[in-house]
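Student: In this note's numbering, the protein residues as written are 778 to 897. My questions will all concern the structure given below.
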């Protein structure tokens with residue numbers, strides 16, 4: 778596809794990619810008016826193709842970029858696993874470890890430390 782080749786060569790997206798294609802599908806055997814059709818819009822379908830191509834290429838190197846403990850935004854990992862693991866550790870700690878100290882820290886979210894004026 779021409780637009781993928783151009784994207785890789787020039788690092789730009791073709792303007793025409795933003796066009797919308799509309800397909801009219803008849804609701805009945807012999808449509809006579811526009812009401813007899815269902816319209817299907819193919820908005821951004823080319824963007825989706827490009828995103829899929831890029832995602833498939835990134836899959837090959839993601840394990841080099843993302844650590845084993847990363848839970849969010851990783852296929853077959855769910856952020857809730859972090860909470861389950863933490864809960865299990867606390868449960869084990871309370872049950873099996875005597876005379877120990879467990880400290881729970883509330884980590885600040887990265888979003889909270891961003892200068893919001895920069896985002897505007």
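Don't be surprised by glycine CBs; every beta carbon is placed ideally from N, CA and C.
With a threshold of 7 Å on Cβ separation, who are the neighbours of residue 859 within its own chain once the five nearest residues in sequence on each side are excluded?
Tutor: As a position in the chain shown, residue 859 is number 82, starting the count at 1. Same-chain partners within the cutoff: 848.
Student: Taking the alpha-carbon of residue 818 as reference, which of 812, 785, 800, 867 has the nearest alpha-carbon?
Tutor: As a first step, residue 818 must be located in the chain shown, where it is residue number 41. The shortest Cα separation from residue 818 among 812, 785, 800, 867 belongs to 800.
Student: Among residues of its own chain, excluding the 5 on either side of residue 813, which ones have a beta-carbon nearer than 7 Å to its beta-carbon?
Tutor: Within the chain shown, residue 813 is the residue found at index 36, counting from 1. 803, 804, 805.
Student: Report the start-end ranges of each alpha helix (DSSP H) in the stretch 799-847 that is 4 residues or longer and not cut off at the edges.
Tutor: The qualifying runs are 822-836, 839-842.
Student: Note the first and the last residue of the continuous alpha helix (DSSP H) segment covering residue 868.
Tutor: Locating residue 868 in the chain shown gives position 91, counting from the first residue. Looking at the DSSP string, the run of the alpha helix (DSSP H) that includes residue 868 is 857-873.
Student: Measure the CB-CB distance between residue 794 and residue 823 and report whether it falls below 7 Å.
Tutor: By one-based count along the chain shown, residue 794 stands at place 17. By one-based count along the chain shown, residue 823 stands at place 46. Result yes, Cβ atoms of residue 794 and residue 823 sit closer than 7 Å.
Student: With DSSP as the reference, label residue 781 as helix, strand or coil.
Tutor: Your numbering for residue 781 matches position 4 in the chain shown. It is helical.
Student: Measure how close the beta-carbons of residue 851 and residue 843 come, nearest whole angstrom, since I'm counting them as under 8 Å.
Tutor: Translated into positions along the chain shown, residue 851 becomes position 74. Translated into positions along the chain shown, residue 843 becomes position 66. 6 Å between Cβ atoms; contact.
Student: Is it the case that the Cβ atoms of residue 830 and residue 797 are separated by a distance below 7 Å?
Tutor: Counting from one through the chain shown, the residue named residue 830 turns up at place 53. Counting from one through the chain shown, the residue named residue 797 turns up at place 20. Against a cut-off of 7 Å, the Cβ pair of residue 797 and residue 830 comes out as no contact.
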